[in-house]
Amino acid sequence: MTQHPTFSLHASSTVLTPDVPGLGVLVDCLRERCGFMARQSTLPPITPSHDAQQWVLCTTSGTSGQPKIIRRNPLSWTQSFAITADHFGVGSDDIYATFGSLGHSLSLYASVEALCLGADICGLARISPKRQALEIAAMGVTVIYATPTQLRLWLKGAAQAQITSFPKLCFVFCGGGALSEKVKSAVHAICPQAQIITFFGASETSFMTIADSQTPVGSVGRAYPDVQMRIDAPQGEVGEIWVASPYLFDGYASGDHEDTQWDGPFLSIGEMGHLDAQGNLFLRGRKNRMITVADVNVFPEDIERCVSQLESVHDCAVVSEPDETRGNRLICFVAYHGAPLLPAEVQAHCRETLGQYCVPKEVRAIAQMPLLAAGKPDLARLRTMAVAG
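Numbered as in the numbering used here, the sequence shown ends at 438 without a single skipped number.
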């Protein structure tokens, strides 16, 4: 009989927030070595499955289109748990915190990692950023897994709670989007003992790259251990990113995506970017978000990174509408800290940094960025808002 890999619940782990939806079910699934399904849009977020083999099933967290259900085997995660333990010394003395629902793959991954490495875990979804900051301080959290948006909100909550330092925090792992230098500096200031480790990946790929203090500005880092990357373009030029690793998913249990393609052991999910001579990866954006403005290819993600550099910007996202003259017109939605900038100021910054084709035709200030359960901007809702005017 074939022996399939399974997760192994560590006896030292304690759930510090037992009332968090799905966390108790997750512990039971790990203990019984049965599979589980994670959903972003329904409660409970975790339900057990009883297939002959233990599978992790979870919905994708893309910012557009319909979610797909991906399937992965435990080994694709446990191998990276071992890397976290070996490279960073994380283990049974640590206390993890997550900000998102267990239906989101980043929070799910972090929770399973904690429970398998013997660390304690506290889930802080569905409470205010101020309470999140207070709980992290009170529980002595040492490890955080979060998206850039979740970190921005947590920093705001810490200010509201008048917390100026989290001296027990040792590691802040950030994925699910680009972490700006502004937010990274703010996290450094409030977590003086912590290493900030940013990584790039997706639900289908898990880890692709990892960045540290030596990573050049604008890069998402070099290949994560045991990851091979290739770009079908000359070095330094933009092309589609292909990855081969032991962390890849096993396929979609439901649905499919036209940008997800296999070439032997290599997988592409439609991300575009380039590598420098040292192997640092620089992202441009998703192939399915690339648009044409006056016959020039534009990545909305470039504009989002550019606008996020502005001091008063809390969050931003760019969508497009058809334009008879230029093909598409860009609309940038911005949530600010305090008073908004004039649209002309944002446009001037984009023009100086990226050039005329990347200047949003409109810059709209909004009180709060609409987010998906994964903590990413809800692009479908923003497109509806753009049409509504």
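Quick reminder that beta carbons are idealized off the backbone N, C-alpha and C, glycines included.
Problem - Status (buried if at least 16 other CB within 10 Å, exposed otherwise) for Leu391 - result: exposed
Problem - Neighbour-count burial assignment, Thr213, 16 or more Cβ in a 10 Å radius - result: exposed
Practice task
Within 10 angstroms of the Cβ of Pro295, are there 16 or more other Cβ atoms? Answer buried if so, exposed if not.
Solution key: A residue is called buried when at least 16 other Cβ atoms come within 10 angstroms of its Cβ; Pro295 does not meet this threshold and is exposed.
Problem - Sequence-distant residues of its chain with Cβ nearer than 8 Å to Gly304 (five each side left out) - result: Gln115, Pro116, Lys117, Ile118
Handout entry: CB of Gly424 within 7 Å of CB of Gly149, strictly
Key = When the beta-carbon positions are compared, Gly424 and Gly149 come within less than 7 Å of each other.
Exercise for the section: Establish whether the CB of Arg375 and some CB of chain C are separated by less than 7 Å. Expected result: The chain labelled as chain C is not found in the depicted structure, where only one protein chain is given.
Exercise for the section: Assign Tyr385 to one of three DSSP states: helix, strand, or coil. Expected result: For Tyr385, the three-state secondary structure derived from DSSP is strand.
Exercise for the section: With DSSP collapsed to three states, give me the class of Gln284. Expected result: coil
Problem - Sub-7 Å separation of Leu58 and Arg80 beta-carbons - result: Yes, the Cβ-Cβ distance between Leu58 and Arg80 is below 7 Å.
Handout entry: C-beta contact flag for Ser97 and Gly71 at 7 Å
Key = The question names Ser, but residue 97 is Pro in the sequence shown. Not a contact, by the Cβ cut-off of 7 Å.
Exercise for the section: Scan the stretch 61-130 and note each continuous beta strand (DSSP E) run of 3 residues or more that stays entirely inside, going in chain order. Expected result: 84-87, 95-98, 105-108, 118-121
Handout entry: Separation of Gln103 from Met50, as counted between CA atoms
Key = Unreliable placement is indicated for Met50, whose pLDDT of 43 sits below 50; the coordinate value is still reported in the next sentence. Cα to Cα, the separation comes out at about 15 Å.
Exercise for the section: May I ask you to list the residues that DSSP assigns as paired with Trp311? Expected result: Leu316
Handout entry: Alpha carbon of Pro283 to alpha carbon of Ala326, nearest angstrom
Key = 11 Å
Exercise for the section: Let me know if Arg175 comes out buried or exposed under the rule of 16 or more other beta-carbons within 10 Å of its beta-carbon. Expected result: Flag for Arg175 reads exposed.
Handout entry: Buried versus exposed call for Asn329 [16 or more other C-beta atoms within 10 Å across all chains shown]
Key = buried
Exercise for the section: May I ask you to report which of helix, strand or coil DSSP gives Arg333? Expected result: Look at Arg333 here: in three-state DSSP terms it is strand.
Problem - Inter-stretch contact (C-beta, 8 Å, three-pair minimum) for the stretch 120-129 and the stretch 261-269 - result: No, the stretch 120-129 is not in contact with the stretch 261-269.
Practice task
Report back the beta-carbon spacing between Cys399 and Val356 to the nearest angstrom; my notes put them in contact at under 8 Å.
Solution key: The Cβ separation is near 7 Å, so the contact holds.
Exercise for the section: Buried or exposed for Ala238, please, with buried defined as at least 16 other CB atoms from any protein chain shown within 10 angstroms of its CB. Expected result: exposed
Practice task
Please work out which residues of its chain come closer than 7 Å, Cβ to Cβ, to Phe130, disregarding the five sequence neighbours upstream and downstream, and give them in chain order.
Solution key: Glu162, Cys165, Leu166, listed in sequence order.
Exercise for the section: Taking 8 Å as the threshold, find out whether the stretch 402-416 comes into contact with the stretch 140-154 through three or more Cβ pairs. Expected result: In this structure the stretch 402-416 does not lie against the stretch 140-154, because fewer than three pairs of beta carbons, one per stretch, are closer than 8 Å.
Exercise for the section: Starting from Ser154, follow the alpha helix (DSSP H) in both directions and report where the run begins and ends. Expected result: Annotation for Ser154: the continuous alpha helix (DSSP H) segment containing it runs 154-166.
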